[in-house]
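Peer 1: Residue numbering for the sequence shown is 1 to 319, as defined by the UniProt record's numbering.
C-beta: ideal position from N, C-alpha, C; glycine also.
Treat the numbers as computed from the prediction; the structure is a model and nothing was measured.
To start, I am sharing the structure in question, which I have written as structure tokens.
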Amino acid sequence: MNMAATSQQQLLEETAEWFVRVQERPLSAREQQAFHHWQARSPAHRAAWQRVENLLARLDSVPAGLAMPALDRPVDEERRALLTRMAILVLAVPVSGAVVWQLSEQNFLRSDLYTGKGERKTQQLADGSTLWLNASSAATLNISDTTRAVHLLEGELTVQVMRASQPLLLSTAEGFCKVYENALIAIRLANKVTCVDVLEGQAYVQLAARATPVDLQSGQSLRFSATDILEQSPVNPAHSSWRFGMLVADSMRLADVVAGLQGYRRGRIDVQPELADLLISGSFPLDDLNKTFQMLADTYQLRISEHWLGYRVMIAADV
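Okay, structure coming up:
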């Protein structure tokens, strides 16, 4: 067996082992860190794990009556062996042509700072500023004596900006904001729409395809696309509660609550369509989603069920 084949076999075996481990039980904090480091070792590692997740997504569309009963059994040697065989079967199938990366994989390769599912990071920048990156987010950094720039590729971040001779440029594909003084700025990116919250200080926002900048003062928020200002409103402090490990909802749609939780869980969370607009209020822990699901179920008479080895969570009315 040549070196390339040996390397491929090792990657296959490692991926299968991680697949089994994440399905058996929730990973500990140390295991999560090891898992993220493993994925970050190379694009091949990320691609291998993406194939596993794609498999689970496809299996989720299979009618329940056709599911393999062994997958729903308690953890035992038979079930573990079945999981391992399933992972190896999927990973061993040759991939023809180039790897087609999803947006998150592209951003992973481009980024200087990246977080996975359920992971938050705090980064001290070279200019003394502090950056917090939410789960499932990616950004590039360019901090030097002559340049201060942070580009958000995906997700959201908050920056405690320190005053310096050069302004700090915070950008997305839709535009940028320039900060000259000490300030606390939060930026969120979703569906080609950027939201800038000025929690403290002042910022100047420039849309990518619009000449006139917008001056934002402390307590102001701006949502915009590359061409249009979509909304200017007071800041909702709850939007930044993720920095403290919480999701704070004040009459928030259940669908939006779930969107906020999605970055903290492998797999997917689905809501019964009739419940999407159910208004939710409360403070929910992001680092203990089982507790969060139980709080939602108890308060709003919901039924939370897991499918496909916990890959999918379904939220429905408890009738």
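#1: What is the DSSP secondary structure of S171, reduced to helix, strand or coil?
#2: Work out the CA separation of A211 and Y311 for me, nearest whole Å.
#3: Which residue from R303, A139, S305, R266 puts its Cα closest to that of F35?
#4: Check the DSSP bridge columns for P26 and list the partner residues they point to.
#5: Tell me whether V75 sits in a helix, a strand or coil according to DSSP, three-state version.
#6: If you run the structure through DSSP and keep just helix, strand and coil, what is P273?
#7: Just to confirm the assignment, what range does the beta strand (DSSP E) spanning K121 have?
#8: If you pair each beta-carbon of the region 148 to 162 with each one of the region 171 to 184, do three or more pairs fall below 8 Å?
#9: Please report the Cβ distance between L279 and S241, rounded to the nearest whole angstrom; I am assuming they are in contact, meaning their Cβ atoms lie under 8 Å.
#10: A255 to D145, Cα distance in whole Å?
#11: How far does the beta strand (DSSP E) with M252 in it extend, from its first residue to its last?
#12: By how many angstroms is the C-alpha of D112 removed from the C-alpha of L11?
#13: Hey, could you find the ends of the alpha helix (DSSP H) T147 is sitting in?
#14: Start and end of the beta strand (DSSP E) containing L189?
#15: Please report the straight-line C-alpha distance between L222 and T194, rounded to a whole angstrom.
#16: Are I315 and D287 close, meaning C-beta to C-beta below 8 Å?
Peer 2: Answer, in terms of the structure:
#1: Position 171 of the sequence shown holds residue 171. Reduced to three states, the DSSP call for S171 is strand.
#2: Taking the first residue of the sequence shown as 1, we reach residue 311 at position 311. Taking the first residue of the sequence shown as 1, we reach residue 211 at position 211. If you take the alpha carbons of Y311 and A211, they lie about 46 Å apart.
#3: If you number the sequence shown from 1, residue 35 lands on position 35. Of the listed residues, the one whose Cα sits closest to F35 is R266.
#4: Counting from 1 along the sequence shown, the entry for residue 26 is found at position 26. Note: P26 sits in no beta bridge, so no partner.
#5: By 1-based counting over the sequence shown, the position of residue 75 is 75. Legend: pLDDT at V75 = 49, less than 50; position of this residue unreliable, value from coordinates given subsequently. Looking at V75 - three-state DSSP - the assignment turns out to be coil, as it is neither helix nor strand.
#6: Indexing the sequence shown from 1 puts residue 273 at position 273. Note: P273 maps to helix in three-state DSSP.
#7: Reading the sequence shown from its first residue, position 121 is the one you call residue 121. Unbroken beta strand (DSSP E) run through K121: 121 to 124.
#8: yes
#9: For the purposes of this step, residue 279 is taken as residue 279 along the sequence shown, with counting starting at 1. For the purposes of this step, residue 241 is taken as residue 241 along the sequence shown, with counting starting at 1. That pair is no contact at about 18 Å.
#10: The count along the sequence shown starts at 1 and reaches residue 255 at position 255. The count along the sequence shown starts at 1 and reaches residue 145 at position 145. Spanning the two alpha carbons is a distance of roughly 44 Å.
#11: The sequence position of residue 252 within the sequence shown is 252, counting from 1. Where M252 is concerned, the enclosing beta strand (DSSP E) stretches over 246 to 253.
#12: Locating residue 11 in the sequence shown gives position 11, where the first residue counts as 1. Locating residue 112 in the sequence shown gives position 112, where the first residue counts as 1. L11 and D112: Cα-Cα distance of roughly 24 Å.
#13: In the sequence shown, counting from the first residue as 1, residue 147 sits at position 147. Looking at the DSSP string, T147 is not in any alpha helix (DSSP H), and its letter there is neither H nor E.
#14: Numbered from its first residue, the sequence shown carries residue 189 at position 189. Unbroken beta strand (DSSP E) run through L189: 183 to 190.
#15: Here residue 222 is taken as the residue at index 222 of the sequence shown, counted from 1. Here residue 194 is taken as the residue at index 194 of the sequence shown, counted from 1. When rounded, the distance between both Cα atoms is 8 Å.
#16: Taking the sequence shown and counting its residues from 1, the one referred to as residue 315 is at position 315. Taking the sequence shown and counting its residues from 1, the one referred to as residue 287 is at position 287. No, the pair does not count as a contact, with Cβ atoms beyond the cut-off.
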